[in-house]
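*Asks:*
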Amino acid sequence: MTSVAEQAPTFDCRADFADELALLARTDERIVAVCNDSVGSSNLVKFREEFPTRLINVGIAEQDLVGVSAGLSNAGFIPFASAAAPFLTGRALEQIKADIAYTHRHVVLCGQSPGMAYGELGPTHHSIEDLSWMRAIPGLDIIVPADPAQTRSAVRWAARSGRPTYIRVPRFKVPAVTPDDAPFEAGRAVRLREGSDVTLIAVGTMVSRALDAAHLLAQQDISARVLNMTFVEPLDVAAVIAAAQETRAVVTAEEGLLSGGLGAAVAKVVAENDPVPVRMLGVPSFAPTGSAAFLLEHFGLTADGVAGAAREALGRV
Amino acid sequence: MSTVLSAPAPLRTDDVAARAYEPRSARLRAASPAEAAAELADISTSIRRDIITTIQSAGMGHVGGDLSVTDLMVTALWGTLRMRPAQADHPQRDRFVLSKGHCAAALYSTLASCGFFPRSRLSEFMAPLSPLNGHPARLKVPGVETNSGPLGHGFPVATGCALGAKLRGETWRTIVVLGDGEMQEGSNWEAAMTAAHYELANLTAVVDRNRLQQGARTEDTKSLEPLDAKWASFGWEVRVIDGHDHRAIKEAYAPSTTGRPVAVIANTTKGKGVSFMEDRVEWHHKVPTDEQVRLALEELNR
Ligand SMILES: Cc1ncc(C[n+]2csc(CCOP(=O)(O)OP(=O)(O)O)c2C)c(N)n1
Numbered sequence: 001m002t003s004v005a006e007q008a009p010t011f012d013c014r015a016d017f018a019d020e021l022a023l024l025a026r027t028d029e030r031i032v033a034v035c036n037d038s039v040g041s042s043n044l045v046k047f048r049e050e051f052p053t054r055l056i057n058v059g060i061a062e063q064d065l066v067g068v069s070a071g072l073s074n075a076g077f078i079p080f081a082s083a084a085a086p087f088l089t090g091r092a093l094e095q096i097k098a099d100i101a102y103t104h105r106h107v108v109l110c111g112q113s114p115g116m117a118y119g120e121l122g123p124t125h126h127s128i129e130d131l132s133w134m135r136a137i138p139g140l141d142i143i144v145p146a147d148p149a150q151t152r153s154a155v156r157w158a159a160r161s162g163r164p165t166y167i168r169v170p171r172f173k174v175p176a177v178t179p180d181d182a183p184f185e186a187g188r189a190v191r192l193r194e195g196s197d198v199t200l201i202a203v204g205t206m207v208s209r210a211l212d213a214a215h216l217l218a219q220q221d222i223s224a225r226v227l228n229m230t231f232v233e234p235l236d237v238a239a240v241i242a243a244a245q246e247t248r249a250v251v252t253a254e255e256g257l258l259s260g261g262l263g264a265a266v267a268k269v270v271a272e273n274d275p276v277p278v279r280m281l282g283v284p285s286f287a288p289t290g291s292a293a294f295l296l297e298h299f300g301l302t303a304d305g306v307a308g309a310a311r312e313a314l315g316r317v
Numbered sequence: 001m002s003t004v005l006s007a008p009a010p011l012r013t014d015d016v017a018a019r020a021y022e023p024r025s026a027r028l029r030a031a032s033p034a035e036a037a038a039e040l041a042d043i044s045t046s047i048r049r050d051i052i053t054t055i056q057s058a059g060m061g062h063v064g065g066d067l068s069v070t071d072l073m074v075t076a077l078w079g080t081l082r083m084r085p086a087q088a089d090h091p092q093r094d095r096f097v098l099s100k101g102h103c104a105a106a107l108y109s110t111l112a113s114c115g116f117f118p119r120s121r122l123s124e125f126m127a128p129l130s131p132l133n134g135h136p137a138r139l140k141v142p143g144v145e146t147n148s149g150p151l152g153h154g155f156p157v158a159t160g161c162a163l164g165a166k167l168r169g170e171t172w173r174t175i176v177v178l179g180d181g182e183m184q185e186g187s188n189w190e191a192a193m194t195a196a197h198y199e200l201a202n203l204t205a206v207v208d209r210n211r212l213q214q215g216a217r218t219e220d221t222k223s224l225e226p227l228d229a230k231w232a233s234f235g236w237e238v239r240v241i242d243g244h245d246h247r248a249i250k251e252a253y254a255p256s257t258t259g260r261p262v263a264v265i266a267n268t269t270k271g272k273g274v275s276f277m278e279d280r281v282e283w284h285h286k287v288p289t290d291e292q293v294r295l296a297l298e299e300l301n302r
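Chain order of the listed sequences is A and B. Just so we're aligned: the first sequence equals residues 1 to 317 in the UniProt record's numbering. Just so we're aligned: the second sequence equals residues 1 to 302 in the UniProt record's numbering.
(1) Taking DSSP as the reference, what is the three-state secondary structure of Met1(B)?
(2) Using alpha carbons as the reference points, say which of Asp141(A), Cys110(A), Pro86(A) lies closest to Gly119(A).
(3) Is the Cβ of Pro288(A) closer than 7 Å to any Cβ of chain B?
(4) Does any CB atom of chain A fall closer than 7 Å to the CB of Thr45(B)?
(5) Take Phe116(B) and list the residues in its own chain whose beta-carbon comes closer than 7 Å to its own, dropping the five residues that flank it on each side.
(6) Mind pulling the chain A residues with CB within less than 8 Å of Asn147(B)?
(7) Please list the partners that Gly186(B) has in chain A, where partner means a Cβ-to-Cβ separation under 8 Å.
(8) Could you give the distance in angstroms between the alpha-carbon of Ala18(B) and the alpha-carbon of Arg24(B)?
(9) Helix, strand or coil for Ile128(A)? Go by DSSP, reduced to three states.
(10) Using beta-carbon positions only, say whether Thr146(B) and Val157(B) come within less than 7 Å of one another.
(11) List the residues of chain B whose Cβ lies closer than 7 Å to the Cβ of Phe87(A), in chain order.
(12) I want to verify the contact list: residues of chain B whose CB lies under 7 Å from the CB of Gly40(A), in sequence order.
(13) The alpha helix (DSSP H) spanning Thr110(B) covers which residue range?
(14) Please determine if the stretch 274 to 294 of chain B and the stretch 223 to 237 of chain B are in contact, where contact requires at least 3 C-beta pairs separated by less than 8 Å.
(15) Compare the beta carbon distance of Ala106(B) and Phe155(B) with 7 Å and say whether it is the shorter of the two.
(16) Over what stretch of residues does the alpha helix (DSSP H) that includes residue 361(A) continue unbroken?
(17) Report the option in Val287(B), Pro10(B), Asp242(B), Val176(B) whose CA atom is closest to the CA atom of residue 308(B).
(18) Note down, one range per segment and in chain order, each alpha helix (DSSP H) of at least 4 residues found wholly within the stretch 153 to 227 of chain B.
(19) Using a C-beta cutoff of 7 Å, does Ser69(A) count as contacting chain B?
(20) When burial is assigned at 16 or more other CB atoms within 10 Å of the CB, is Gln7(A) buried or exposed?
(21) What first and last residue would you give for the beta strand (DSSP E) that runs through Asp141(A)?
(22) Taking only beta carbons into account, state which residues of the stretch 97 to 122 of chain A come closer than 7 Å to chain B, listed in chain order.
(23) Rounded to the nearest angstrom, how far is the Cβ of residue 319(A) from that of Ile142(A), given a contact under 8 Å?
(24) Pop quiz: Phe172(A) and Gly115(A) are said to be a contact at Cβ under 8 Å. What is the actual Cβ separation, rounded to whole angstroms?
(25) Can you tell me the Cβ-Cβ gap for Val226(A) and Leu192(A), rounded? I've got them flagged as a contact below 8 Å.
(26) Please go through the same chain and pick out, in chain order, the residues whose beta-carbon is closer than 8 Å to the beta-carbon of Gly65(B), but skip the five residues on each side of it.
(27) Any beta-carbon of chain B closer than 7 Å to the one on Phe294(A)?
(28) So which residues on chain B does Val58(A) lean against when the C-beta distance must stay under 7 Å?
(29) Spell out the partners DSSP gives Asn267(B) in its beta bridges.
(30) With a cut-off of 8 Å, do at least 3 Cβ pairs link the stretch 162 to 170 of chain B to the stretch 124 to 141 of chain B?
(31) Taking CB distances under 7 Å as the criterion, tell me whether Ser68(B) reaches chain A.
(32) Per DSSP, what are the beta-bridge partners of Phe11(A) in this structure?
(33) Rounded to the nearest angstrom, how far is the Cβ of Arg61(A) from that of Asn36(A), given a contact under 8 Å?
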């Protein structure tokens, strides 16, 4: 099997996040980084060296982090508020709702080490709920980059969008999957592979695994389309409807909780339009302890798992 | 390539250790601080060794904060509180809450020493499917009162434990240990107000004042001083001590004399006991090499 995930070089995208942010900060003085004692884990050490006054560390205080960022936005800055994803989204949920989204502040919330990247640290440190939580807040764009190029695009896009945005910055190492000419637009999925039997819709860590699954399925004469749904919000509704009309089943795959995440968003669109069987892969409940790689296997978030779900949805088991 | 692993057995009381714990702890609790100090110091040294080897086997861990909090924890669990390893959920138990939950290795080593579960299980720290998560989980580890790790949770929960005892007219007490960096979380100051308002004289909050947090010194990150005056102004009785002096710690854990909750500001050293880790921010979350483990154990065996 030609495995994208297992043979290609892989990247910790926090470096791309930080490099791109510094690049933008050089030409746009409004850009500031705000963090919570996470200068190192947000990869912002170099940013601080270059822009000592534009790295604001509020200490271990995530509600303060988001509130202060809203105030900085009020004062004309473009804050990139960065903290470990579980604490940024969960702890400051109401600040994100009231101070950022409902107030329509151009603040970029940067959730570091999302999903089960902090596997061994246990469920308190897993960020599997963030997509569900952020989706529940009206008016917030949600970007889940799948590789270094998309991480850079996400930072650039969010700096210019003028919109409240959540970016899930990957730490779990991912291969490069984005073609050079791929668009990066809100509400636009990237079609990574054509296919007519089933559509695999994935985000983040799961994109390369979905591509591998498509290879596996091809060996069984199943033609799988692969969509990288980089924007979970606004979702590419047209691409989901096309998938339901042009292929016979849809499989979603995400490194996150099943209730309320990407799968739920896709399933809603399918159900409201031209229903076809949908299978959702994700995390059903609090995860056990173990490395992120171990936990992805544990929950069947693998190429085999995606391929199996596709066969099941097509009734080919 | 899928790894099929069966979950390790749940953690159960180590009967031998628990039986040894009970009379020894009763004696240490009853002894004067001066009398108990040397013995508590010995226990602390053995816990520090367990911390080092536990982190070595896991290949991960928050060693600096573990070594910082050891003496505070050992004096609480062995020399002050009435723990019941054989009946971890006994309603009359005293409550110990580690709010700075990233220091799970110190907590697990100490709980194992008391007999809450076998010491041999420490080698499973952070292993796949292990009950010994990187952060303490109540449903997995006997002796863990509440989940902690996200900073700013343990103190409000401990305040509720103490308030519950007061409402029920029960005599058991609660000790909660906080990181100094953790004091930057607002939830802690909300709890501080609640505890003072309800005059929770049965609650002791201990700040592990090692002056370092994850990325830098607390005073360079977001300053906390004057910390004693802050607690006092929130209505607490404040005791400032050397957090590695077992005698001073045991004295500071004595019940409140003012009817107010007691805040112990324990001046400590992050990485205490291992010279090359002491007061160095990089040891917040770092794993010693085999050679460093050897050196550390050598220092701790002295
Ligand atoms: C809510 C929350 N934000 C951030 C973190 C990441 N984190 C883990 S330990 C730590 C530093 C804690 O410093 P301190 O409380 O002083 O503990 P100690 O130095 O004694 O280890 C941080 C920021 C966290 N666990 N929880």
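Note that the Cβ used here is the ideal one computed from N, Cα and C, for glycine as well. In this text the structure is predicted, and so the values were computed from the model without any measurement.
*Replies:* Reading off the structure:
(1) Translated into the one-based positions of the second sequence, residue 1(B) becomes position 1. Reliability of the predicted coordinates at Met1(B) is poor, the pLDDT of 38 falling under 50, and the value obtained from them is presented with this limitation in mind. Three-state DSSP puts Met1(B) in coil, outside helix and strand.
(2) The sequence position of residue 119(A) within the first sequence is 119, counting from 1. The option with the nearest alpha carbon to Gly119(A) is Pro86(A).
(3) Numbered from 1 along the first sequence, position 288 holds the residue referred to as residue 288(A). It does; some Cβ of chain B falls within 7 Å.
(4) Taking the second sequence and counting its residues from 1, one reaches residue 45(B) at position 45. Not one chain A Cβ lies under 7 Å of Thr45(B).
(5) The residue labelled residue 116(B) in the question sits at position 116 within the second sequence. Thr13, Pro85, Ala88, Pro142, Gly143.
(6) Locating residue 147(B) in the second sequence gives position 147, counting from the first residue. Under the 8 Å cutoff, chain A gives Thr124.
(7) Here residue 186(B) refers to the residue found at position 186 of the second sequence. The answer, in chain order, is Ala61, Gln63, Asp64.
(8) Mapped onto the second sequence, residue 18(B) falls at position 18. Mapped onto the second sequence, residue 24(B) falls at position 24. Each residue's Cα considered, the two are about 10 Å apart.
(9) To locate residue 128(A), count along the first sequence from 1; it is residue 128. Coil, per DSSP.
(10) Looking up residue 146(B) in the second sequence gives position 146. Looking up residue 157(B) in the second sequence gives position 157. Yes.
(11) Within the first sequence, numbered from 1, the residue matching residue 87(A) stands at position 87. Near Phe87(A) (Cβ distances below 7 Å), the residues of chain B are Pro150.
(12) Taking the first residue of the first sequence as position 1, residue 40(A) is located at position 40. Correct list: Gly215.
(13) On the second sequence, position 110 is the one that residue 110(B) refers to. Start and end: 104 to 114.
(14) no
(15) Start at 1 with the first residue of the second sequence, and residue 106(B) comes out as number 106. Start at 1 with the first residue of the second sequence, and residue 155(B) comes out as number 155. No, the pair does not count as a contact, with Cβ atoms beyond the cut-off.
(16) The requested residue 361(A) is not part of the displayed model; chain A covers only 1 to 317.
(17) As displayed, chain B neither begins before 1 nor continues past 302, which places residue 308(B) out of reach and without an answer.
(18) 154 to 168, 186 to 197, 218 to 221
(19) Locating residue 69(A) in the first sequence gives position 69, counting from the first residue. It does not: the Cβ of Ser69(A) has no partner Cβ on chain B nearer than 7 Å.
(20) For the purposes of this step, residue 7(A) is taken as residue 7 along the first sequence, with counting starting at 1. By the 10 Å Cβ count, Gln7(A) comes out exposed.
(21) Locating residue 141(A) in the first sequence gives position 141, where the first residue counts as 1. 141 to 143 is the span of the beta strand (DSSP E), which, as asked, contains Asp141(A).
(22) Glu120, Leu121, Gly122
(23) An answer regarding residue 319(A) cannot be provided, because it is not within the stretch 1 to 317 covered by chain A.
(24) Translated into positions along the first sequence, residue 172(A) becomes position 172. Translated into positions along the first sequence, residue 115(A) becomes position 115. About 6 Å separates the two Cβ atoms, so the contact holds.
(25) Position 226 of the first sequence holds residue 226(A). Position 192 of the first sequence holds residue 192(A). Correct: roughly 4 Å between the Cβ atoms.
(26) Sequence index remark: in the second sequence, residue 65(B) carries index 65 (1-based). Cβ within range, chain order: Lys100, His102, Cys103, Ala106, Gly179, Asp208, Asn210, Lys270, His284.
(27) Indexing the first sequence from 1 puts residue 294(A) at position 294. Yes, Phe294(A) counts as interfacial toward chain B.
(28) The sequence position of residue 58(A) within the first sequence is 58, counting from 1. Within 7 Å Cβ-Cβ: Lys222.
(29) For this step, residue 267(B) is matched to residue 267 along the second sequence. Asn267(B) pairs with Arg209(B), Asp242(B).
(30) no
(31) In the second sequence, residue 68(B) corresponds to position 68, counting from 1. Ser68(B) does not count as touching chain A.
(32) Translated into the one-based positions of the first sequence, residue 11(A) becomes position 11. Bridge partners of Phe11(A): Val174(A).
(33) Walking along the first sequence from the start, residue 61(A) turns up at place 61. Walking along the first sequence from the start, residue 36(A) turns up at place 36. The question names Arg, but residue 61(A) is Ala in the sequence shown. Right, the Cβ-Cβ distance comes to about 6 Å (below 8 Å), so this counts as a contact.
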